[in-house]
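Peer 1: Dropping a structure here in structure tokens format, bear with me for questions.
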Amino acid sequence: MIVANSGSAKIYKWVDENGKVHFSDRQDHRVEQEVVNVRPTASDWSRFDIKVETVDVELSDEENQSIVDGVNNVYEFFDRVMSFDMYRTVPVNILILKDYTVYRNYLVRNDRGLGVASYGLYIPSEHQIVVYMQEDRGLTFRTIKHEVSHAVVDTIVPYAPAWLNEGLAEQMEMLERDESGLYFEPHPVNRWVVAQALDQDRLTDIDEFLKLSSNKWRHSEMAGHGSLRAQSGEFVFFLLSKPTRRNFLVRLMHNFNRGDRTLSYYLVDDNYLGGLTMLGSDWRRWLHAQGKGLIRL
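Here's what the structure looks like:
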């Protein structure tokens, strides 16, 4: 039995004879279980005042507000949807540089060489996000939301696997709000890349995908396996598209938040209704149906 509202779902915890800790939303009277509250107390989250600094870049008041709103939307998502109390999370400060050359030089000068080929970078030691103004300024603002997601996950779920960390960040680029609340649109680039990989039979099977360690995921990414990043984003979009799947995503995140370093593959049967077989089937059907066009949270 799964409760659609992840903020109020009961999670049952027990330890098997081998000392392995399990979490599930289904009560099993055959074993001694402990009820774990996903959110023990109500969150005190409220919008943060976000510091935006620019170097040789002029932002309109509307653009500055768009950045602040986008950052707060990401914080609100992790608070209200993923059930993490964001009250104690240190908000980031944002630095926007003139262009890629200035950005690259800034990273090299500050010994951040790994980020020179990126659109933006989160620097944990300074709680800072550094980006450069792209020709399409909207892409820069999407990059900021991407890096804010990394800031949140790296702070509160440091053991999250790379596919989950990057998949959430990819999808946060598309997070918006209107009078009805938060919503996601599909990520156009990720959707196209995954569709091409599917047509060419190059999409990684979901069981192999979930078995990838973070190191292997990053190695494949650096080796040019571009569809892996897109697949991570689309898989997170798929999980967010339905309340029961969303609950599975929340449980995974809270497992890793508690320090569990088990590969995602081995957590599916205990946390997804129908186990790995059903997850694979749901994912394949969703892919061929092109999924949802818009997800409201």
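According to numbering that gives the first Met the number 0, the sequence shown is numbered sequentially starting from 0. Just so it is clear, CB atoms sit at the ideal spot from N, CA and C, and this is done for glycine as well.
Candidates 117, 128 and 99: which alpha carbon is nearest residue 92's?
Peer 2: Ranking the options by Cα distance to residue 92, first place goes to 128.
Peer 1: Could you compute how far the alpha carbon of residue 102 sits from the alpha carbon of residue 67?
Peer 2: Near 21 Å, if we compare the C-alpha coordinates of residue 67 and residue 102.
Peer 1: Residue 304 and residue 269: beta carbons closer than 8 Å?
Peer 2: The requested residue 304 does not occur in the structure, where the chain is confined to residues 0 to 296.
Peer 1: On the CB-based measure, 16 or more other CB atoms within 10 Å of its CB, does residue 55 come out buried or exposed?
Peer 2: Result: exposed.
Peer 1: Is it the case that the region 230-239 contacts the region 282-294, given that we only count it when at least three CB pairs across the two stretches are under 8 Å?
Peer 2: Touching, per the Cβ criterion.
Peer 1: Tell me the start and end of each unbroken beta strand (DSSP E) in the region 236-262 that is at least 3 residues and wholly inside, in chain order.
Peer 2: Those beta strand (DSSP E) runs which fall completely within the region 236-262 and span 3+ residues do not exist here.
Peer 1: Which residue comes first and which comes last in the alpha helix (DSSP H) that contains residue 217?
Peer 2: First-last of the alpha helix (DSSP H) with residue 217: 213-221.
Peer 1: Return helix, strand or coil for residue 63, following the three-state DSSP convention.
Peer 2: Correct three-state label for residue 63: helix.
Peer 1: Would you mind sorting residue 191 into buried or exposed? The rule is 16 or more other CB atoms within 10 Å of its CB.
Peer 2: With fewer than 16 other Cβ atoms within 10 Å, it is exposed.
Peer 1: Kindly list the residues whose CB is nearer than 6 Å to the CB of residue 173, restricted to its own chain and excluding five residues on each side of it in sequence; keep chain order.
Peer 2: Answer for residue 173: 183, 184 and 186, listed in chain order.
Peer 1: Check whether the region 196-203 touches the region 263-277, counting contact only when three or more Cβ pairs, one atom from each stretch, lie closer than 8 Å.
Peer 2: No, the region 196-203 is not in contact with the region 263-277.
Peer 1: Taking the DSSP output, what are the residues bridged to residue 177?
Peer 2: BP columns for residue 177 point to 180.
Peer 1: I'd like the span of the beta strand (DSSP E) that includes residue 128, first residue to last.
Peer 2: Here the beta strand (DSSP E) through residue 128 covers 127-131.
Peer 1: Going straight from the alpha carbon of residue 298 to that of residue 90, what length do you get?
Peer 2: The chain is shown only over 0 to 296; residue 298 falls outside these bounds and no answer can be derived.
Peer 1: Within 10 angstroms of the Cβ of residue 244, are there 16 or more other Cβ atoms? Answer buried if so, exposed if not.
Peer 2: Residue 244 is buried by the Cβ-count criterion.
Peer 1: I need the straight-line Cα distance from residue 196 to residue 228, nearest angstrom please.
Peer 2: Their backbone Cα atoms lie some 12 Å apart in a straight line.
Peer 1: Can at least three beta-carbon pairs, one atom from the region 147-155 and one from the region 211-223, be found at a separation below 8 Å?
Peer 2: Because the criterion of three Cβ pairs below 8 Å is not met, the region 147-155 and the region 211-223 do not touch.
Peer 1: If you draw a straight line from the alpha carbon of residue 78 to that of residue 248, how long is it in whole angstroms?
Peer 2: Their backbone Cα atoms lie some 14 Å apart in a straight line.
Peer 1: CA-CA distance, residue 131 and residue 99?
Peer 2: Answer to the nearest angstrom: the Cα atoms are 6 Å apart.
Peer 1: Could you check the C-alpha separation between residue 298 and residue 198 for me, to the nearest Å?
Peer 2: Because the chain here runs from 0 to 296, residue 298 falls outside it and cannot be looked at.
Peer 1: Whole angstroms are fine: how far does the CA of residue 272 sit from the CA of residue 242?
Peer 2: Those two C-alpha atoms are separated by around 12 Å.
Peer 1: Below 6 Å CB to CB, which residues in the same chain sit around residue 292 once its five sequence neighbours on both sides are set aside?
Peer 2: Excluding sequence neighbours, residue 292 sits near nothing in its chain.
Peer 1: Compare the Cα-Cα distances from residue 119 to each of 240, 108 and 133 and report the closest residue.
Peer 2: That would be 133, whose Cα lies nearest to the Cα of residue 119.
Peer 1: So for residue 172, helix, strand or coil by DSSP?
Peer 2: Three-state DSSP puts residue 172 in coil, outside helix and strand.
Peer 1: Give the secondary structure of residue 202 by DSSP, where H, G and I count as helix, E and B as strand, and everything else as coil.
Peer 2: Residue state, collapsed to three classes: coil.
Peer 1: So for residue 79, helix, strand or coil by DSSP?
Peer 2: If DSSP states are grouped into helix, strand and coil, residue 79 belongs with the helices.
Peer 1: Quick one: what does DSSP say residue 50 is sitting in, helix, strand or coil?
Peer 2: Three-state result, residue 50: strand.
Peer 1: For residue 29, which of helix, strand or coil comes out of DSSP?
Peer 2: Coil, per DSSP.
Peer 1: Grouping DSSP H, G and I as helix and E and B as strand, with all else coil, what is residue 292?
Peer 2: If DSSP states are grouped into helix, strand and coil, residue 292 belongs with coil.
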